[in-house]
Each structure stands twice: as structure tokens, then as C-alpha cells.
Amino acid sequence: MSPSLRQMRAFVALAKTGSFTLAAEYLHVTQSALSGLIKELESVLGVRVVERSTRKTQLSEIGRELYPLFEKMIEDLDGAMAGIAQRKALKTGMVRIAAPQMMACTLLPEVIAAYRQAHPDVQLRLVDCPVENVSARVFSGEVDFGIGPERDPTAEIAAQVLFEMPFVLVFPEPHPLRQKERVTWADVGDYPFISLQGQFTERLLRDMHGAFRELSLNPYNEVTFMTTALAMVSANLGITVCLPYAEPMVKLYDLHMRALHEPELTRRFFVYTKTGRSLSPAAESFMAFLFQFVETHEWNVGGNSGARDALPAGNAAGNAAGSAL
Numbered sequence: 004m005s006p007s008l009r010q011m012r013a014f015v016a017l018a019k020t021g022s023f024t025l026a027a028e029y030l031h032v033t034q035s036a037l038s039g040l041i042k043e044l045e046s047v048l049g050v051r052v053v054e055r056s057t058r059k060t061q062l063s064e065i066g067r068e069l070y071p072l073f074e075k076m077i078e079d080l081d082g083a084m085a086g087i088a089q090r091k092a093l094k095t096g097m098v099r100i101a102a103p104q105m106m107a108c109t110l111l112p113e114v115i116a117a118y119r120q121a122h123p124d125v126q127l128r129l130v131d132c133p134v135e136n137v138s139a140r141v142f143s144g145e146v147d148f149g150i151g152p153e154r155d156p157t158a159e160i161a162a163q164v165l166f167e168m169p170f171v172l173v174f175p176e177p178h179p180l181r182q183k184e185r186v187t188w189a190d191v192g193d194y195p196f197i198s199l200q201g202q203f204t205e206r207l208l209r210d211m212h213g214a215f216r217e218l219s220l221n222p223y224n225e226v227t228f229m230t231t232a233l234a235m236v237s238a239n240l241g242i243t244v245c246l247p248y249a250e251p252m253v254k255l256y257d258l259h260m261r262a263l264h265e266p267e268l269t270r271r272f273f274v275y276t277k278t279g280r281s282l283s284p285a286a287e288s289f290m291a292f293l294f295q296f297v298e299t300h301e302w303n304v305g306g307n308s309g310a311r312d313a314l315p316a317g318n319a320a321g322n323a324a325g326s327a328l
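First residue of the sequence shown? That's 4 in my numbering, and the numbers climb one at a time after it.
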């Protein structure tokens with residue numbers, strides 16, 4: 004049987020004050036209760052820790068040996084509990100988020116800045132990476148959660164819908180498409196189209212073909228990053244498509260965005276977490292803030308109803324297909 008925390012606190016208080024009266028006042032207990040705790044401690048240990056006399060109270064030889072050990076144990080425990088309380092109150096903590104490059108340089112800095120105004124003591128670390136690496140960063144534990152387009156579900160990674168948004172066309176000024184009242188995907192084929200490599204174009208073409216079989220896109224150039232595509236559009240080398248959250252970068256290149264119709268194609272983005280791993284209070288707080296933040300944007304066609312839907316197992320097709328944005 005081991006000493007209880009109350010017994011050790013009573014002993015340390017007595018050792019510090021040298022008086023049953025002062026120790027009882029310090030612990031906000033009666034003197035008889037304090038004396039009972041010391042007797043319980045001695046009973047558990049089987050030795051005396053306090054030498055009592057009518058004139059004074061002092062520690063026994065074993066008591067003097069135990070005092071620094073018990074004191075450090077209590078200090079360490081109190082420090083740990085204070086740290087937990089600070090984290091629960093969001094006074095401290097670290098949140099690590101992985102996101103694709105375009106989202107990491109547009110939407111997320113805005114969210115992080117808004118969150119830090121409310122919780123300035125919580126540290127937020129943004130890890131920008133290729134879209135295909137987001138889930139790997141989550142699985143390895145390098146980040147608390149990741150954000151990205153839909154990918155094939157796995158048992159190790161859980162996913163929640165963050166938002167759904169439509170594709171928009173991006174073109175320079177001046178451009179003939181700016182004069183059109185309504186821009187369709189068929190109009191895109193009339194100009195050099197700059198696309199992204201890999202799954203972005205593959206899934207986009209599949210979605211278009213599923214909605215309008217006669218539609219097709221023949222990219223004039225395929226690049227790795229959306230920033231490269233925007234720079235090429237800015238140089239009047241063609242047009243491209245992106246998602247509305249990229250608007251800050253589009254404006255940086257002095258380009259224009261227009262909604263695309265016929266068909267109405269959208270993409271859903273998800274928050275990815277590691278299955279079975281609980282988030283820290285700070286990470287949970289930031290995630291909740293992120294969901295609330297995107298719900299206020301008009302481009303979130305999913306709105307409040309879809310923001311917390313779980314990713315259906317095995318569903319990696321249709322409008323929810325991932326992109327390289």
C-alpha cells in the first residue's frame with residue numbers, strides 16, 4: 004500500500020511549517036484532521052516520520068529523507084495539473100495543420116489570424132505540402148489534422164466534410180469572356196486551357212464527361228502548382244480554373260474570376276484526422292473555429308448541413324472527387 008496524495012501533502016506542509024497548527028491552517032483543515040493524516044502515513048510506511056514532544060515537532064531521520072522526495076513529487080504533479088488546466092483554458096498549446104500549397108497561402112492564413120485574435124497564446128504551425136502528402140502527415144503524427152480534397156478512404160484516417168465549393172474560371176483583363184453574361188464549360192474549350200497535372204485534370208474530365216458527354220478539355224499546358232497556372236494566365240498564355248478560396252492569390256495576379264455553368268461542378272474538401280487519436284483541447288478548438296469560419300462564406304455550397312458529414316466509406320467519385328488545389 005502506498006501513501007495517498009493527501010497524506011503526502013499533510014506531511015510536506017508540516018515539514019515546511021514545523022507546526023501542526025500552521026500546517027492545518029495552510030491546508031485549510033482542522034488540526035485533528037492533519038494529525039490523523041500524519042498517523043495514517045506512518046501506519047502505511049510502518050515507521051515514524053515525525054518526532055513529537057511537548058515542546059516542539061520535528062521530522063524523524065526517515066522523515067527528513069522523505070521530505071524532499073515527497074515535495075518534488077507534489078510539485079511535479081501540481082505543475083502537470085496546472086499545465087493541463089492552462090491547455091483546457093486555451094492559455095497554451097500547439098496546433099499543427101497540414102494543407103495543400105494553394106490553401107496554405109490563401110484561406111488558412113486568414114483563419115489562423117482570426118483565431119489568434121481570440122486565443123493569442125495558442126501556437127499554430129501550418130505545414131504546406133503537396134496535396135497527396137496531407138494524409139501521410141496526419142498518419143505519421145507530424146500534424147494534428149490535415150485539410151484536403153477527397154481521397155480514397157482508409158481505416159487509419161477519418162474524414163469530415165469541411166466545405167463544398169464550385170469551380171470558377173480565371174482569365175486576364177482584358178479578355179472576351181468578361182463580356183459574356185454567362186460562362187459555360189463549353190466556352191473554356193475556345194481558349195488555351197492551363198491545367199494541373201495528375202488527378203486534378205483526370206477527375207475534372209471524368210466529372211465533365213459524366214454530366215455532358217460531348218464536353219471535353221484539351222489542356223494547352225499542364226503544370227504542377229496552381230500559382231504557376233495563375234502566373235501563366237497573367238502573362239496572357241491562356242485561362243484556367245480554380246476554387247473560390249484561391250481568390251486572394253487570383254487578385255494578387257490582377258486576374259478575374261467568373262462562375263462556371265453547364266455543368267455545375269463542385270469539389271468537397273475534408274478535415275482528416277488519425278483514427279483512434281484524440282485531439283488536444285487547442286486542436287479541437289481550432290478545428291471548431293475552422294468549421295464555423297468556412298460556414299460564413301457564400302462559396303460554401305454545402306452550408307451548415309454538410310459541414311460535419313462523415314466521409315462515406317468507399318465513395319471516391321462524383322462531385323466529391325479530389326483535386327490538386
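Beta carbons are placed, not taken as given, at the ideal position from N, Cα and C, and that holds for glycine.
Anticipated Cβ contact below 8 angstroms, Phe371 with Ile150, distance rounded:
Residue 371 falls outside the range modelled here, since the chain spans only 4 to 328, and no answer is possible.
Exercise. Could you give the DSSP three-state label for Arg9: helix, strand or coil?
Key: On the sequence shown, residue 9 is found 6 positions in, with the first residue counted as 1. Arg9: helix per DSSP, three-state reduction.
> Helix or strand or just coil, what does DSSP make of Thr276?
Replying inline: Here the question's residue 276 lines up with position 273 in the sequence shown. DSSP, read as helix, strand or coil, puts Thr276 in strand.
**OP:** Note the first and the last residue of the continuous alpha helix (DSSP H) segment covering Phe23.
**Re:** Residue 23 sits at position 20 when you count from the first residue of the sequence shown. Per DSSP, Phe23 belongs to the alpha helix (DSSP H) from 23-30.
Q: Grab me the residues of Tyr70's own chain with a C-beta within less than 8 angstroms of its C-beta, minus the 5 sequence neighbours each way, in chain order.
A: Residue mapping note: residue 70 aligns to position 67 of the sequence shown, counting from 1. Excluding positions up to five away in sequence, the list reads Phe14, Val15, Ala18, Leu62.
message = Measuring straight from C-alpha to C-alpha, what distance separates Ile87 and Gly144?
response = Taking the first residue of the sequence shown as position 1, residue 87 is located at position 84. Taking the first residue of the sequence shown as position 1, residue 144 is located at position 141. Cα atoms of Ile87 and Gly144: separation of roughly 21 angstroms, rounded to the nearest angstrom.
ask   = In chain order, which beta strand (DSSP E) runs of at least 3 residues are fully inside the segment 235-286?
value = 243-245, 259-262, 269-277
query = Between the C-alpha atoms of Met286 and Phe170, what's the straight-line distance to the nearest angstrom?
reply = Start at 1 with the first residue of the sequence shown, and residue 286 comes out as number 283. Start at 1 with the first residue of the sequence shown, and residue 170 comes out as number 167. Reading the sequence as shown, one finds Ala at residue 286 and not Met. C-alpha separation (whole angstroms): 30 angstroms.
Among all the DSSP beta bridges, which residues are the ones paired with Ser56? To locate residue 56, count along the sequence shown from 1; it is residue 53. DSSP lists no partner for Ser56.
Exercise for review: In the DSSP assignment, find the unbroken beta strand (DSSP E) run with Met97 in it and report its ends.
Suggested key: Along the sequence shown, read from residue 1 onward, the residue named residue 97 stands at position 94. Run containing Met97: 97-103, per the beta strand (DSSP E) assignment.
task = For the alpha helix (DSSP H) containing Glu45, list its first residue and its last residue.
result = Locating residue 45 in the sequence shown gives position 42, where the first residue counts as 1. Unbroken alpha helix (DSSP H) run through Glu45: 34-48.
Discussion item. From the DSSP secondary-structure annotation, give me the bridge partner or partners of Phe203.
Written reply: Within the sequence shown, residue 203 is the residue found at index 200, counting from 1. Partner(s): none; Phe203 has no beta bridge.
Assign Pro315 to one of three DSSP states: helix, strand, or coil. Residue mapping note: residue 315 aligns to position 312 of the sequence shown, counting from 1. Since pLDDT at Pro315 reaches only 35, below the 50 mark, its modelled position is unreliable, and no value is offered.
* **Nearest-angstrom Cβ-Cβ length linking Thr231 and Ala161, presumed shorter than 8 angstroms** => For the purposes of this step, residue 231 is identified with residue 228 of the sequence shown, where counting begins at 1. For the purposes of this step, residue 161 is identified with residue 158 of the sequence shown, where counting begins at 1. That pair is no contact at about 33 angstroms.
| message | With a threshold of 6 angstroms on Cβ separation, who are the neighbours of Tyr248 within its own chain once the five nearest residues in sequence on each side are excluded? | response | Position 245 of the sequence shown holds residue 248. In chain order, Thr109, Leu110 place their CB closer than 6 angstroms to the CB of Tyr248, counting only its own chain and leaving out the 5 sequence neighbours on each side.
Are the Cβ atoms of Leu8 and Ile77 separated by less than 9 angstroms? Looking up residue 8 in the sequence shown gives position 5. Looking up residue 77 in the sequence shown gives position 74. In contact: Leu8 and Ile77 (Cβ atoms closer than 9 angstroms).
**Request:** Indicate whether Leu199 and Met229 have their beta-carbon atoms separated by less than 9 angstroms.
**Result:** Counting from 1 along the sequence shown, the entry for residue 199 is found at position 196. Counting from 1 along the sequence shown, the entry for residue 229 is found at position 226. Closer than 9 angstroms, so yes.
task = Pick out whichever of Glu265, Phe289, Pro103 has its Cα sitting closest to the Cα of Gln120.
result = Start at 1 with the first residue of the sequence shown, and residue 120 comes out as number 117. Comparing Cα-Cα distances from Gln120 to each of Glu265, Phe289, Pro103, the minimum goes to Phe289.
Which residue spans inside the segment 136-186 form an unbroken beta strand (DSSP E) run of at least 3? 148-152, 160-169, 171-174
When you compare the segment 248-262 with the segment 97-116, are there three or more beta-carbon pairs, one atom per stretch, that lie closer than 8 angstroms?
These segments touch.
Gln295 versus Val137: straight-line alpha-carbon distance, rounded = In the sequence shown, counting from the first residue as 1, residue 295 sits at position 292. In the sequence shown, counting from the first residue as 1, residue 137 sits at position 134. In this model, Gln295 and Val137 are separated by some 22 angstroms (Cα to Cα).
Is Val32 near Leu40, with beta carbons less than 9 angstroms apart? Taking the sequence shown and counting its residues from 1, the one referred to as residue 32 is at position 29. Taking the sequence shown and counting its residues from 1, the one referred to as residue 40 is at position 37. Yes, the Cβ-Cβ distance between Val32 and Leu40 is below 9 angstroms.
Checking the sheet assignment: what are the DSSP bridge partners for Asn224?
Residue numbering aside, residue 224 sits at position 221 when the sequence shown is read from its first letter. Answer is Ile197, bridged to Asn224.
Practice task
Flag this pair as touching only if the segment 112-126 and the segment 258-271 have three or more C-beta atom pairs under 8 angstroms; answer yes or no.
Solution key: no
**Asked** Taking the beta strand (DSSP E) that Val130 falls in, what are its first and last residues?
**Response** Your numbering for residue 130 matches position 127 in the sequence shown. 126-132 is the span of the beta strand (DSSP E), which, as asked, contains Val130.
_For Thr227 and Arg154, I'd like the C-alpha separation in whole angstroms._
By 1-based counting over the sequence shown, the position of residue 227 is 224. By 1-based counting over the sequence shown, the position of residue 154 is 151. Rounded to whole angstroms, the gap between the alpha carbons of Thr227 and Arg154 is 18 angstroms.
If you count every other CB in all the chains shown that lies within 10 Å of the CB of Met84, and 16 or more means buried, which is it? As a first step, residue 84 is located in the sequence shown; it is residue number 81 there, counting from the start. The residue is exposed, with fewer than 16 neighbouring Cβ atoms inside 10 Å.
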